[in-house]
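Protein chains in written order, with this note's numbering: chain A, 184 to 447; chain B, 33 to 280. See below for the structure under consideration.
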Amino acid sequence: MIRVQNLVKTFGSFTAVNDVSFEVAEGEIFAFLGPNGAGKTTTIKMLTTLLKPTSGSIELDGLNPAVKQNEARQRFGIVFQDPSLDGDLTAEENMEIHGVLYHVPHKVRRPRTEALLKQFELWERRKDQVKKFSGGMKRRLEIARGFLHTPKILFLDEPTLGLDPQSRNQLWNHVKKVNEDEKVTVMLTTHYMDEADRVAHRVGVIDHGKLVAQGTPAAIKEQTATATLEEAFLKLTGSTIRDESAGSADQMRQFAKMWQGGKR
Amino acid sequence: MSAIYILWLRELKRYTRSRVQLLASLGQPLMYLLVLGFGLGPVFQRAGGGSYLQFVAPGVIGMTVLFSSIFSGLGLLWDRQFGFLKETLVAPVPRLQIMIGRTLGGATVAVLQGLLVTVVCVIAGFRPAHMATVPLALGFMLLIATVFAGLGVAVGSSLQDMQGFQLIMNFLVMPIFFLSGALFPLDGLPKLLGAITMIDPLSYGIDGMRAVLNEKSHYGATIDLEVLIAVAVVFIVVGAWRFSKIEI
């Protein structure tokens, strides 16, 4: 379903993704693991048409997302790592825009919005502007929105960041359910190794833009002679902490906070 | 089509929800209208130009539409920063539709803002020559709004963040306003200034509004109309092209 070959992305002299190749089969849950700044998000951005690769090839359901952008976009859904909601609109309106943009028929949209908002416990607050939501609520809304349409491939970029155990549990149950019932292929990234161990059929470990290991969680543990995926991860990527330079988006957020007096 | 509609609606909802912003945006036009309108009035009268308030009102309305539409285009930068842009960019909708929805939404908001200022102008003493020509003025407002919403999207798509905002303000938006003849008549200008005002699209918009509201015009309403439509097409095409190239 996803096929990536010799993928490279450079920003100036910095190589964010360096010769990465992997495949994800239809109906598989693939966890993409790596320390901060390893190139996970950059890879997902290239898979989801937000960035153009420097070199290498990508196929999503047989389509090259750099060329057949619209066809490729019809096949996937994504929950982003950082916020992508409109704070001035209500939870319901955010869901509605998403439903319209993804061609979810009106008749399906209403009941499904209700079910999802109830499942993620946002139904009572559906008429409130999103900027009044707490961080966790925004995160939940973002996830609920991601499930509004049923794509062939679902990308989840650190979906559990800032979620409480209850919501995390809800999320993974839901991911497993759509994977089993509707054969949705899932590619996810996370920093919680136990989650990856629990839900993923296969994992890939990326570090400094290079894929250093891939296989089933059991195979990776065996290969590194460790008892847990966390230990295996540390063994593969070392224990030094990575610096991630602040991107322009972060700097702008800082600036906006200053300018708006932290209104959003 | 529904994508265009929903994004157009979004711009409108955002506009009607921020009442503070709505009021704040009336401040500047009011200053120009009242302070300049009454302050320069006596001199203008003595110079044989008639009522300055009557003269400057279409200019102030045009200014409001210019600011409002160009900022709505630059609003792209905020959406990029707060992430909503990504949500629209990965959706299975041609980027052209997304750009058109945003631009039409921004243009509609700018026209509403222009109408609001028109009402304020009438309260301050401005009188259109004929009531029947007011809808024509609305048409010119819509054209100005489309031209500059397109320009705003083109510029907004080409910038990474708000750092360049001040630059745009000082070297693009303000010159467009001051060189448009919003505040002074275009007749008998020094050669250089006259030539610059001729390449400023806003000068045709404001001249067009003067043609229908005051029955006084420099270029003539037909030329105004033709130039505005041509420039609108060019800016929308450039805006759509820049928008399709956005990478996050």
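Don't be surprised by glycine CBs; every beta carbon is placed ideally from N, CA and C. The structure displayed is predicted, hence computed values, not measured ones.
Closer than 7 Å to chain B by CB, residue i
i	result
A/Ser422	no
A/Val451	There is no way to answer for residue 451 of chain A, as the model of chain A reaches only from 184 to 447.
A/Ser267	yes
A/Met184	no
A/Gly444	Only weak support exists for where A/Gly444 lies, its pLDDT of 45 falling under 50; the coordinates are left without a value.
A/Leu284	yes
A/Asp271	yes
A/Ile336	no
A/Met280	The question names Met, but residue 280 of chain A is Ile in the sequence shown. For A/Ile280, the answer is yes, since a Cβ of chain B falls inside 7 Å of its Cβ.
Reference residue i; option with closest CA among the options
i	options	result
A/Val367	A/Leu344, A/Ala221, A/Ile261, A/Lys315	A/Ile261
B/Ser189	B/Arg134, B/Gln77, B/Leu245	B/Arg134
A/Phe303	A/Gly318, A/Ser350, A/Ala199	A/Ser350
B/Leu257	B/Ser100, B/Ser235, B/Ile36, B/Phe70	B/Ser235
A/His332	A/Asp380, A/Val283, A/Met376, A/Thr232	A/Val283
B/Thr229	B/Val75, B/Asn246, B/Val244, B/Ile208	B/Ile208
A/Asp265	A/Thr225, A/Ile403, A/Lys418, A/Val187	A/Thr225
A/Arg328	A/Asp269, A/Ser238, A/His391	A/Asp269
B/Gln145	B/Leu106, B/Phe99, B/Leu65	B/Phe99
A/Leu337	A/Asn362, A/Pro348, A/Leu324	A/Asn362
A/Ile326	A/Asn277, A/His286, A/Glu307, A/Lys314	A/Asn277
Endpoints, alpha helix (DSSP H) assigned at residue i
i	result
A/Asp340	Counting along the chain, A/Asp340 falls outside any alpha helix (DSSP H), though it belongs to the beta strand (DSSP E) covering 336-340.
A/Gln353	348-365
A/Leu234	It is not in any alpha helix (DSSP H) - A/Leu234 carries neither H nor E in the DSSP assignment.
A/Lys321	318-329
A/Arg385	No alpha helix (DSSP H) holds A/Arg385; the beta strand (DSSP E) holding it covers 385-390.
A/Arg292	289-302
Cutoff 7 Å: residue i Cβ touching any chain A Cβ
i	result
B/Ala56	no
B/Lys277	no
B/Glu119	yes
B/Ile280	yes
B/Ala272	no
B/Ala35	yes
Extent of the continuous beta strand (DSSP E) run through residue i
i	result
A/Phe205	197-207
A/Gln397	393-398
A/Lys192	185-194
Positions along the stretch 300-328 of chain A whose CB lies within less than 7 Å of some CB in chain B: none
Proximal residues, the stretch 39-68 of chain B versus chain A, C-beta separation under 8 Å: Taking 8 Å as the Cβ-Cβ cut-off against chain A, the residues of the stretch 39-68 of chain B that qualify are Leu39, Arg42, Lys45, Arg46, Arg49, Ser50.
Cβ contact (3+ pairs, closer than 8 Å) linking the stretch 337-354 of chain A and the stretch 196-205 of chain A: Here the stretch 337-354 of chain A does not lie against the stretch 196-205 of chain A, with fewer than 3 beta-carbon pairs under 8 Å apart.
Residues of the stretch 231-261 of chain A with Cβ closer than 9 Å to any Cβ of chain B, in chain order: Thr231, Thr232, Leu233, Leu234, Lys235, Gln252, Asn253, Glu254, Ala255, Arg256, Gln257, Arg258, Phe259, Gly260, Ile261
Residues of the stretch 120-131 of chain B with Cβ closer than 7 Å to any Cβ of chain A, in chain order: Thr120, Leu121, Val122, Ala123, Pro124, Val125, Pro126
Inter-stretch contact at 8 Å, needing at least 3 Cβ pairs: the stretch 112-129 of chain B / the stretch 93-100 of chain B: By the Cβ test, the stretch 112-129 of chain B is not in contact with the stretch 93-100 of chain B, since fewer than three Cβ pairs between them sit closer than 8 Å.
Within 9 Å of chain A by C-beta, residues of the stretch 90-119 of chain B in sequence order: Leu109, Trp110, Asp111, Arg112, Gln113, Phe114, Gly115, Phe116, Leu117, Lys118, Glu119
Touching by the beta-carbon criterion (3+ pairs, under 8 Å), the stretch 383-398 of chain A and the stretch 205-217 of chain A: yes
Positions along the stretch 187-200 of chain B whose CB lies within less than 9 Å of some CB in chain A: Interface annotation for the stretch 187-200 of chain B against chain A: Gln192, Asp193, Met194, Gln195, criterion Cβ-Cβ distance under 9 Å.
Positions along the stretch 202-229 of chain A whose CB lies within less than 8 Å of some CB in chain B: Lys228
The stretch 258-275 of chain B touching the stretch 168-187 of chain B, judged by at least three CB pairs closer than 8 Å: yes
Chain-ordered residues of the stretch 191-202 of chain A with a beta carbon less than 9 Å from chain B: Per Cβ criterion, the list is empty.
Stretch pair the stretch 239-251 of chain B + the stretch 165-174 of chain B: three plus CB contacts closer than 8 Å: yes
Inter-stretch contact (C-beta, 8 Å, three-pair minimum) for the stretch 146-156 of chain B and the stretch 72-84 of chain B: Contact between the stretch 146-156 of chain B and the stretch 72-84 of chain B is absent, because fewer than three Cβ pairs lie under 8 Å.
The stretch 191-202 of chain B in contact with the stretch 220-229 of chain B per 3-pair CB rule at 8 Å: no
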